[in-house]
Structure formats: C-alpha cells, structure tokens
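Visitor:
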Amino acid sequence: MKVILQETLEGVGHLGDLINVADGFARNYLLPRRKAVEANSRSIKAFEHAKRVAAEKAKKEKLEIEAHAKKVSAVTLTIEAQVGKDDKMFGSVTAKDIAEGLAAQGFTVDRRKIQLAQPIKELGTVTVPIKMPRDVTATVTVRVVKKQEADTAAPASA
1 MKVILQETLE GVGHLGDLIN VADGFARNYL LPRRKAVEAN SRSIKAFEHA
51 KRVAAEKAKK EKLEIEAHAK KVSAVTLTIE AQVGKDDKMF GSVTAKDIAE
101 GLAAQGFTVD RRKIQLAQPI KELGTVTVPI KMPRDVTATV TVRVVKKQEA
151 DTAAPASA
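FYI, in UniProt numbering the residues of the sequence shown are 1 to 158.
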C-alpha cells in the first residue's frame, strides 16, 4: 500500500515521503496513529499544496528575519569599562553585557545567541556575530571605552 508519511519515522522514512509499505503495517500501525495517510490523488495534491504554502511562509519569515538582522547590524554598541594603569580593564565585557546593551536600544536578543568566543578584555572595537533563526547571522559592532570617573570630573574643594 502506498502512503504519505506525516512525520519522520526511524527506519521507515521522513516527513512527506511517498513510500510503499505492507498493507497490515499501514492499516494496523500507520493509519490509526495518524503517522501516515493513504496515497491517493487527492491526498497527494493536498500534501503538495501544504508543502508549497509552508515553503512560501518560510521564505517570507526568512525575509523578515533578514530585515531585522540588518537593523541589528546597523547598531554600534558603546560599553564603558573601568580601567586601571596602562588601560588594563577590570573584568571583561561578556555576552550578557552585549545583550543588555542591545535591549537598552530596543533589540531583544537571547544572550546565548551572541557568538562571543571569549569575553572582551581590552579596550577597542570588536565585531560580534549574533545567530538568528533560519541560518541568518547579524553582526554588531561593540566599542569598549574607558569609563569616565565621577570624582575626577568634580573640582577639588579646599
């Protein structure tokens, strides 16, 4: 009996496969559990239509994600860090700091999606990739600058 699989089954086939299986296997296992539908001309056309609709929806979603990634990539994030002698940073800039900076600018990004190999431990400019859904990657420019001390800006009183 020819059936169209409705889900991926180990050792049988993948979602959407048109396969030929034993009649008993189809009647007793696949069809009652709705893991497959009988392959007639109507079900084949319906499945192909559903596949086309899903492909168009995925294409539209990918375009939206790419537009969002372009907006995120346009952002330049400036993070102030405390430094000591010879501009040596205390601590480091992590993915959490970058996610908070993006959230302050109106972009919600999961910190686990920020692909920072190691925390940033020196002043300067770094481009950081951010993984988005559907294999889209945005890059954010992060500038790490010296934090201006509040007490050095205030005049000394006598």
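Heads up, the beta-carbon is just placed ideally off N, CA and C, and yes, glycines get one too.
Take residue 197 and list the residues in its own chain whose beta-carbon comes closer than 6 Å to its own, dropping the five residues that flank it on each side.
Guide: Lying before the first or after the last residue shown, residue 197 is absent from the chain, which here runs from 1 to 158.
Visitor: What are the partner residues of residue 3, as DSSP defines its beta bridges?
Guide: BP columns for residue 3 point to 19, 38.
Visitor: Considering only residues of the same chain and omitting the five flanking positions on each side of residue 90, which have a CB-CB separation below 8 Å?
Guide: Answer for residue 90: 81, 82, 83, 84, listed in chain order.
Visitor: Which term fits residue 87, buried or exposed, when burial requires 16 or more other beta carbons within 10 angstroms of its beta carbon?
Guide: Flag for residue 87 reads exposed.
Visitor: Considering only residues of the same chain and omitting the five flanking positions on each side of residue 15, which have a CB-CB separation below 8 Å?
Guide: Excluding positions up to five away in sequence, the list reads 5, 6, 7, 8.
Visitor: Using the beta-carbon count (16 or more within 10 Å), is residue 23 buried or exposed?
Guide: Exposed.
Visitor: Check for me: the beta strand (DSSP E) holding residue 131 runs from which residue to which?
Guide: Per DSSP, residue 131 belongs to the beta strand (DSSP E) from 124 to 132.
Visitor: Return helix, strand or coil for residue 12, following the three-state DSSP convention.
Guide: Coil, per DSSP.
Visitor: Along the chain, where does the alpha helix (DSSP H) that runs through residue 102 open and close?
Guide: Where residue 102 is concerned, the enclosing alpha helix (DSSP H) stretches over 95 to 104.
Visitor: Can you list, in chain order, the residues of its chain whose CB lies under 6 Å from that of residue 146, leaving out five sequence neighbours each side?
Guide: Result list for residue 146: 83, in chain order.
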